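Engineer: My structure is below; once you've seen it, I'll send some questions.
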Amino acid sequence: MAYSLSHSYFGANFISDFNFINYDDPSNGFVRYQSQPDALAKGLYSINPNTKAVTLGVDNTNVYGLDEGRPSLRLESKRQYNHGLFIGDFAHMPPSVCGLWPAFWMYGTDWPVDGEIDIIEGANQATTNIISGHTTQGCRLPDAPQAAGEPLLRDCESPGTTNNAGCNYLPPASQPHTYGDSFNAVGGGVYALEWTSEAIRIWHWPRHGIPSDIVAKTPDPSTWGLPSALFGTSSCEVDRYFRNMSIVIQTNFCGDYAATIWGSDGDTCNQRAPTCVEYVANNPDAFSNAYWEVNYIDVYQPSAVDNAGPAEPTTTTTIKVTSTIYKTVPNPATMMTSIMQNGTVLVSSMSGNPAGPTATAPPSPSTDPIVPGRDPATVGEYAYLGCYGSTTGFQTFLLRASLPDLTVEKCVDLCRPGRYAALRGSECFCAEALDPDTRAEADRGRCDIPCPGNSVQLC
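The numbers in the sequence shown follow our numbering, run straight up by one, and end at 466.
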């Protein structure tokens, strides 16, 4: 199906084409959403004069009472949609920080009758995205695999019997940079949602893997391979369960998600404060990096000819890097982080294969202005996680060796079979977990130390 650009949320019209919602949060968040004038006065949004990227932030200066809520933004598109191709390019999203609950999603006027699709969502220390659908009774995920992602809950009914979780997918194991710190470490990326009467399909690409047809504003979903998530086909009649949906981008705090999982299922946020509200109220500095940087959100509609319409400029932004982290994943994929003050970190994979079938990689630009190509994307079962920093000295990492000829490959060998390998100059560090204060760096320029054993690589 050929698509043409019908609307672009970009630059100044991004602000004018969204409503700034300032009513009480329906999900019980510890948040005070701001009107557009109040958000401007508080400095919560800005437009880059060169790239036209829009930054949407939160208050990261003030301490608040436990009955107040931290100022933030919830934007909803003035237009409602039925079908289309929606492509969002994000240079940065709120990080994997305790108390945060950011989301990029769509929902209909009469919820849940008109449906909801959560394209990007997570909470607290999550580094993996969850894509979800919410409907009235009768919609389920397909039984036969039609997406590369891993199905979690299959019944989409909301509120339903699963605490309003709906139906959802985890990304395929070959995509370890879908949310929060892992997303930011590779310069962000693109999410695309195609909505037809047959199905709603969602794809994700990191910055270095964005298909060339998206960059050229001539998107062709038929060339993108299997989506990460699919809702519809015979198990869910799309036009019955999804209609009249608006685009929403927000940053919430605590609420029905982040507060509910506080200190559970491996979440260590309760080490920071007894409750989510106490932490968010008293720690403004924790949210200094809690912002969305949106290059654009483009909306396409089917066309008789392959015409991309009036293309807006494709924008890119740079991130700073302090050190590199590698992590093991079932199918290694590119990620990046930083450790100590300058270094490289890798993360290792669990054994096994990703759930569901794999997709053919789409065409993509040969070079990427955001993520440098100097470090290998994968080393065996390890994948390049990104550039991370820590305010507490990377407490979980232990020095394994200091070598005058250190390379990425040698550090990985030293850390096997552990979870994380990290490099800083001639030093190799290993860890089994990341502590809550280890987060992706916004400044990639700090990760510019050549590896002593291979000057082409960065340590």
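Note that CB positions come from ideal geometry on N, CA and C, so glycine has one too.
Keep in mind that this is a model prediction, so the values were computed, not measured.
Looking at C-alpha atoms only, which residue of Ser462, Ala19, Gln132 and Gly194 is the closest neighbour of Gly273?
Structural biologist: Gln132
Engineer: Restricting to runs no shorter than 4 residues, where is the alpha helix (DSSP H) found entirely within the stretch 153-194?
Structural biologist: 187-192
Engineer: Mind checking who Met252 pairs with in its DSSP beta bridge?
Structural biologist: Looking at the DSSP output, Met252 sits in a beta bridge with Tyr88 and Gly115.
Engineer: How many angstroms separate the CA atom of Ala98 from the CA atom of Tyr176?
Structural biologist: Cα atoms of Ala98 and Tyr176: separation of roughly 23 Å, rounded to the nearest angstrom.
Engineer: Output the boundary residues of the beta strand (DSSP E) element that contains Glu434.
Structural biologist: Unbroken beta strand (DSSP E) run through Glu434: Glu434 to Ala438.
Engineer: Looking at the structure shown, is Pro78 part of a helix, part of a strand, or coil, going by DSSP?
Structural biologist: Looking at Pro78 - three-state DSSP - the assignment turns out to be strand.
Engineer: Can you find a heavy atom of the ligand HEM that lies under 7 Å from the Cβ of Ser295?
Structural biologist: In terms of ligand content, the structure shown is empty, and the ligand HEM therefore cannot be addressed.
Engineer: Suppose you measure from the CA of Val70 to the CA of Asn29; what does that come to, to the nearest Å?
Structural biologist: 20 Å
Engineer: Looking only at its own chain, which residues have a Cβ that is under 6 Å from the Cβ of Thr398, when we skip the five neighbours before and after it?
Structural biologist: Asp444
Engineer: Since Gly262 and Asn35 are thought to touch, with beta carbons under 8 Å apart, how far apart are those beta carbons, to the nearest angstrom?
Structural biologist: Between Asn35 and Gly262 the Cβ distance is about 5 Å, and since that is below 8 Å, they are a contact.
Engineer: With a threshold of 7 Å on Cβ separation, who are the neighbours of Thr185 within its own chain once the five nearest residues in sequence on each side are excluded?
Structural biologist: Thr135, Asn136, Pro178 and His211
Engineer: Can you tell me whether Pro56 is buried or exposed, with buried defined as 16 or more other CB within 10 angstroms of its CB?
Structural biologist: With fewer than 16 other Cβ atoms within 10 Å, it is exposed.
Engineer: Look at the Cβ atom of Gln43, then the Cβ atom of Ser253, and state whether they are nearer than 8 Å.
Structural biologist: At a Cβ-Cβ threshold of 8 Å, Gln43 and Ser253 do not count as neighbours.
Engineer: Only counting the same chain, and skipping five residues up and downstream in sequence, which positions put a Cβ closer than 8 Å to that of Gly50?
Structural biologist: Gly64
Engineer: At which residues does the alpha helix (DSSP H) containing Ala297 begin and terminate?
Structural biologist: Per DSSP, Ala297 belongs to no alpha helix (DSSP H) and is neither H nor E.
Engineer: Starting from Pro44, trace the alpha helix (DSSP H) in both directions and tell me its first and last residue.
Structural biologist: First-last of the alpha helix (DSSP H) with Pro44: Gln43 to Ala48.
Engineer: Indicate whether Leu405 and Gly460 have their beta-carbon atoms separated by less than 8 Å.
Structural biologist: Contact check for Leu405 against Gly460 fails: the beta carbons are separated by 8 Å or more.
Engineer: With H, G and I counted as helix, E and B as strand and the rest as coil, what does DSSP make of Asn26?
Structural biologist: strand
Engineer: From this set, Asp162, Ser229, Arg250 and Leu200, which residue's C-alpha is nearest Asp117's C-alpha?
Structural biologist: Arg250
Engineer: Need the endpoints of the beta strand (DSSP E) that Gly140 sits in, please.
Structural biologist: Ile138 to His141
Engineer: Measuring alpha carbon to alpha carbon, tell me which residue in Pro33, Asp442, Thr142 and Arg431 is nearest Leu465.
Structural biologist: Closest by alpha carbon: Arg431.
Engineer: Does the count of Cβ pairs from the stretch 99-106 and the stretch 183-202 closer than 8 Å reach three?
Structural biologist: yes
Engineer: Please classify Thr461: does DSSP put it in a helix, a strand, or coil?
Structural biologist: The residue you asked about is not Thr; residue 461 is Asn in the sequence shown. In this structure, DSSP gives Asn461 an extended state, which the three-state scheme calls strand.
Engineer: Would Ser229 and Gly156 be called neighbours here (beta carbons separated by less than 8 Å)?
Structural biologist: no
Engineer: Just verifying my parser: in three-state terms, what is the DSSP assignment at Leu200?
Structural biologist: Leu200: strand per DSSP, three-state reduction.
Engineer: DSSP on Ile207, reduced to helix/strand/coil?
Structural biologist: Ile207: strand per DSSP, three-state reduction.
Engineer: Let's see if you can read the secondary structure: which residues bound the alpha helix (DSSP H) around Ser219?
Structural biologist: Ser219 to Val222
Engineer: If distances are taken between C-alpha atoms only, which option among Pro166, Ile456, Arg423 and Gly194 comes closest to Glu439?
Structural biologist: Arg423
Engineer: For Asn89, which of Glu123, Arg77, Gly72 and Arg81 has the nearest alpha-carbon?
Structural biologist: Nearest Cα to Asn89 within the set Glu123, Arg77, Gly72 and Arg81: Glu123.
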